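J.: Attaching a single structure in structure tokens format; questions to follow.
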Amino acid sequence: MIECDEGTRTWVLRTAATSYALRLTDEDVPRHVYWGPALTLAQIAGLGTGSRPWWDGFNDPDEGLDELAADGGTRYWPPALQIRFTEHTRSVEWQYTGYTIDAPHLRLEFRDRHYPLRFTLHYRIARGTDVVERWLELGNDGDEVEVVRADSASWVLPRWPGYRLSHVTGRWAGECALRRDPLAHGETVAASRRGITSHHANPWVMLDDGTATERHGEVYGAALAWSGSWRITTTRASTGRVTVSGGFGQDGVSHRLGPGDRLTTPVFAGLYTRGGFGGASREWHRYVLGHVLPHPGETRPVLYNSWEATGFDVDVAGQSALAEQAAALGAELFVLDDGWFGERTGDHAGLGDWHVNRKRFPDGLGPLVDHVHRLGMKFGLWVEPEMVNPDSDLYRAHPDWVLHQPHRRRSELRNQLVLNFARPDVAAWAHEWLDTLVTEHRIDFLKWDMNRPFSEAGWPGEADPDRLWVEHTRAVYAVMDRLRAGHPALRIEACGGGGGRTDLGMLARADQVWPSDNTDALDRLDIHHGFGQVYPARTMSAWVTDVPGFGTRRSIPLRFRFHVAMSGVLGIGGDIGKWPEEDLAFAREQIALYRDIREVVQHGRLYRLRPADDGVTALQYVAADTARAVVFAYRPRGRFPAPEAPLRLDGLDPAAHYRDPDSGDEHSGAVLLSHGLPLRLPEGDYASTVVRLNRI
Ligand code: GLA
Numbered sequence: 000m001i002e003c004d005e006g007t008r009t010w011v012l013r014t015a016a017t018s019y020a021l022r023l024t025d026e027d028v029p030r031h032v033y034w035g036p037a038l039t040l041a042q043i044a045g046l047g048t049g050s051r052p053w054w055d056g057f058n059d060p061d062e063g064l065d066e067l068a069a070d071g072g073t074r075y076w077p078p079a080l081q082i083r084f085t086e087h088t089r090s091v092e093w094q095y096t097g098y099t100i101d102a103p104h105l106r107l108e109f110r111d112r113h114y115p116l117r118f119t120l121h122y123r124i125a126r127g128t129d130v131v132e133r134w135l136e137l138g139n140d141g142d143e144v145e146v147v148r149a150d151s152a153s154w155v156l157p158r159w160p161g162y163r164l165s166h167v168t169g170r171w172a173g174e175c176a177l178r179r180d181p182l183a184h185g186e187t188v189a190a191s192r193r194g195i196t197s198h199h200a201n202p203w204v205m206l207d208d209g210t211a212t213e214r215h216g217e218v219y220g221a222a223l224a225w226s227g228s229w230r231i232t233t234t235r236a237s238t239g240r241v242t243v244s245g246g247f248g249q250d251g252v253s254h255r256l257g258p259g260d261r262l263t264t265p266v267f268a269g270l271y272t273r274g275g276f277g278g279a280s281r282e283w284h285r286y287v288l289g290h291v292l293p294h295p296g297e298t299r300p301v302l303y304n305s306w307e308a309t310g311f312d313v314d315v316a317g318q319s320a321l322a323e324q325a326a327a328l329g330a331e332l333f334v335l336d337d338g339w340f341g342e343r344t345g346d347h348a349g350l351g352d353w354h355v356n357r358k359r360f361p362d363g364l365g366p367l368v369d370h371v372h373r374l375g376m377k378f379g380l381w382v383e384p385e386m387v388n389p390d391s392d393l394y395r396a397h398p399d400w401v402l403h404q405p406h407r408r409r410s411e412l413r414n415q416l417v418l419n420f421a422r423p424d425v426a427a428w429a430h431e432w433l434d435t436l437v438t439e440h441r442i443d444f445l446k447w448d449m450n451r452p453f454s455e456a457g458w459p460g461e462a463d464p465d466r467l468w469v470e471h472t473r474a475v476y477a478v479m480d481r482l483r484a485g486h487p488a489l490r491i492e493a494c495g496g497g498g499g500r501t502d503l504g505m506l507a508r509a510d511q512v513w514p515s516d517n518t519d520a521l522d523r524l525d526i527h528h529g530f531g532q533v534y535p536a537r538t539m540s541a542w543v544t545d546v547p548g549f550g551t552r553r554s555i556p557l558r559f560r561f562h563v564a565m566s567g568v569l570g571i572g573g574d575i576g577k578w579p580e581e582d583l584a585f586a587r588e589q590i591a592l593y594r595d596i597r598e599v600v601q602h603g604r605l606y607r608l609r610p611a612d613d614g615v616t617a618l619q620y621v622a623a624d625t626a627r628a629v630v631f632a633y634r635p636r637g638r639f640p641a642p643e644a645p646l647r648l649d650g651l652d653p654a655a656h657y658r659d660p661d662s663g664d665e666h667s668g669a670v671l672l673s674h675g676l677p678l679r680l681p682e683g684d685y686a687s688t689v690v691r692l693n694r695i
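Right under this line is the structure:
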């Protein structure tokens, strides 16, 4: 619900359990009023904005209260909106021109007081959740302006005695490391300048007062739907005010808006919850499942991917044999990874030459695709459309298609360069070969990879080369959207050399993501923990691969590996042709178990019951109707035999009784919620268990 009090020019957005309010000042500046537990318009109308008489010559008392911290006047906050107009004017002065409510969407319209530049602040409630989506639109009716910074939104937090910032950092094969630290005074920036979301940070933050736990406490969060460069600045001022401002782009790269041009920023979604970090995650998951994913109701199949088994050594015989073995285990989707095209026999050559390697697949991919389909599985294929190896026919024909700058070297990473998708000819070429490939080979699933960040990001001959930073990402979105529209049954897995492209923008056109190239089950516990803070299990691909793990050299038992992968979208990535019969039998059993529980895992609510720091990691998924629950518990290091403490469950119906179909044990919901589930873990290292609980 959205209401407006025209007298005070106050707007209130009511989400499922919260309210968000803003007001215009006498000078037409949109100013934050309130964000928190539900309050009515009447209650909010009486609230001041926090201003006090201004007697201090060095602080603007209203600084940090702007809905979008525009540069100008006596504002010294990191600018969320910074424009260079003609005559070198830089400050923005708001002039309100009207609003529209098209529930659940509020548009507040402004223009600059002098220059013919229009601003629309968008607010949209994601129905059924506590998420408010915000973004900014600029429309230029005058001479060219330079938009130095255009954040999607600034979020203002209430005054608390202390603040703690949660976010993730990482690196390749070590993504999503959750950090939870006291918020530093000054500006804390999380960003990517790589042209992709990045492994190193992910575009979301959460803030609490330092006392929130998994189950309790107030948490604010904000997450950006963008897969290129981005920046989120959390500012803690000496005045005690805290704000979070975020959007696409990076320092030094601006947008030029000519007469008639528009600029629309990505959604920067925010939420408030009283349910602790667990509540915040469940709310984000509800949002992703209800408002972001293209086919949220769908249940993801068990996939087999040959990458870790065969690397670049793929051919029709080997892949057909793996497909038979995968089908026999119960896999439902077979994915042929890298190495099937051009001269791509290693990472040194062939990228960009998207025709089937006839030495490896003499009759094309058709026979393998048919074989996979006859085995009752869907067929998936790896592609990396935005990249090229210099040693490729594509690059020899179109050396100008890559990002490059005059007089500068073209830095290679993984022996590859980035194609400039902002060029319409490049994007059209990509759509054409992808469309042909999917059509001709009846491809059900694409793993869309992106294995290096931008460098020397230029576009010689183009008047405004900087626009490639945004337009590359937009073109990737457009190619994916067009491909999906042309092939409604096609499903996509987003991958960026592992987790380099996990974000809400990508999740609007991908059905799942590959969180990390690190498939070591122990490392994955941490990666999943960070990933699941915002993104639901329904989107989290997780494979069981061979040991010792390729990066860690750890030999983790198959049972533990399965139990970790089963807490997401289960896949198998091992060389199953070499697995002993005993392992194959166990795998068949576990895949059957996963197929039984996956509705709950993929569509249920996640409760992180125990963090890893007491030696046991435990989590639980509960079906929306509370009729079923699945508990996962892991204890990587054995300890001298002592009974494990019971696991206190969450989210169940206290009045119901639940039965564990494996042990036959019956439990009262109330007892599970208050006392807990007896935790039975085998002795020794890498102990794990999966417990099903079905309402009787
Ligand atoms: C990236 C992906 C891997 C695999 C390889 C293939 O690293 O993350 O899963 O597809 O590329 O080259």
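Numbering of the sequence shown is given in numbering that gives the first Met the number 0, commencing with residue 0 and proceeding in unit increments. No residue lacks a Cβ here, since even glycine has one placed at the ideal position from N, Cα and C. A quick note: this is a predicted structure, and the numbers were derived from the prediction, not measured.
Spell out the partners DSSP gives L416 in its beta bridges.
T.: Per DSSP, V387.
J.: Determine which residues share a DSSP beta bridge with G338 and list them.
T.: Beta-bridge pairing links G338 to no other residue.
J.: Go to P29, then tell me how far its beta strand (DSSP E) extends in each direction, as first and last residue.
T.: 29 to 36 is the extent of the beta strand (DSSP E) around P29.
J.: Using a 10 Å radius around the Cβ and a threshold of 16 neighbouring Cβ atoms, would you call K358 buried or exposed?
T.: With fewer than 16 other Cβ atoms within 10 Å, it is exposed.
J.: Taking Cβ positions, are L416 and P389 nearer each other than 8 Å?
T.: Yes, they are a contact pair.
J.: For M565, does the count of other Cβ atoms within 10 angstroms reach 16, so buried, or fall short, so exposed?
T.: Under this definition M565 is a buried residue.
J.: Less than 6 Å between C-beta atoms, sequence neighbours within five positions excluded: which residues of the same chain meet that for V512?
T.: Excluding positions up to five away in sequence, the list reads A493, T501, T538.
J.: Check whether the Cβ atoms of G498 and E174 sit closer than 8 Å, and answer yes or no.
T.: Yes, Cβ-Cβ distance for G498 and E174 is below 8 Å.
J.: Just checking my contact of S228 with R255 at CB under 8 Å: how many whole Å lie between their CB atoms?
T.: No, S228 and R255 are not in contact; Cβ-Cβ is about 17 Å, not under 8 Å.
J.: In chain order, what residues of the same chain have a beta carbon less than 7 Å from the beta carbon of L328, not counting five sequence neighbours either side?
T.: Cβ neighbours of L328 beyond the five flanking positions: I571, I575, L583, A586, R587, I590.
J.: For a test of the three-state rule: what should DSSP assign to T99, helix, strand or coil?
T.: Here T99 sits in strand by DSSP.
J.: Which stretch, first to last residue, makes up the beta strand (DSSP E) that contains I491?
T.: Unbroken beta strand (DSSP E) run through I491: 490 to 493.
J.: For V313, tell me which candidate among D624, R553, G363 has the shortest Cα-Cα distance.
T.: Ranking the options by Cα distance to V313, first place goes to G363.
J.: Taking the alpha-carbon positions, what's the P78 to A68 distance?
T.: P78 and A68: Cα-Cα distance of roughly 6 Å.
J.: State yes or no: is the C-beta of N201 nearer than 7 Å to some heavy atom of the ligand GLA?
T.: No, the ligand GLA has no heavy atom inside 7 Å of this Cβ.
J.: Give me whichever residues DSSP pairs with R634 in a beta bridge.
T.: Answer is A686, bridged to R634.
J.: Quick one: what's E132 bridged to in DSSP?
T.: Paired residue(s): R123, A268.
J.: Less than 7 Å between the CB of D434 and some heavy atom of the ligand GLA, yes or no?
T.: Not under cutoff, so the answer is no.
J.: Considering only C-alpha positions, which residue in the set E439, S454, V401 is nearest to S410?
T.: Ranking E439, S454, V401 by Cα distance to S410 puts S454 first.
J.: The ligand GLA and C175: does any heavy atom of the ligand fall closer than 7 Å to the residue's C-beta?
T.: The answer is no for C175.
J.: If you measure from the CB of G345, is any heavy atom of the ligand GLA nearer than 7 Å?
T.: No; taking the cut-off as 7 Å, the Cβ of G345 has no heavy atom of the ligand GLA nearer than that.
J.: Regarding N450 and the ligand GLA, is the C-beta to nearest heavy atom distance less than 7 Å?
T.: Checking every heavy atom of the ligand GLA against the Cβ of N450, one is found closer than 7 Å.
J.: Hey, would you say F333 sits closer than 8 Å to F378, going by beta carbons?
T.: Yes. Within cutoff.
J.: Is there contact between the region 125 to 140 and the region 298 to 306, where contact requires at least three CB pairs shorter than 8 Å?
T.: Cβ pair count under 8 Å is below three, so no.
J.: Using only alpha-carbon positions, find the residue among P487, L676, W54 that is nearest to A509.
T.: Among P487, L676, W54, the Cα nearest to that of A509 is on P487.
J.: Counting beta carbon pairs with one atom in the region 119 to 126 and one in the region 52 to 64, are three or more of them shorter than 8 Å?
T.: Verdict: no, contact absent.
J.: With a threshold of 16 other CB atoms inside 10 Å of the CB of T472, please say whether the residue is buried or exposed.
T.: It is buried - the Cβ of T472 has at least 16 other Cβ atoms within 10 Å.
J.: Determine the contact status of Y606 and V621, defining contact as a CB-CB distance below 8 Å.
T.: Closer than 8 Å, so yes.
J.: Decide if K577 is buried, meaning its Cβ has at least 16 other Cβ atoms within 10 Å, or exposed.
T.: Classification of K577: exposed, given that the 10 Å Cβ count is below 16.
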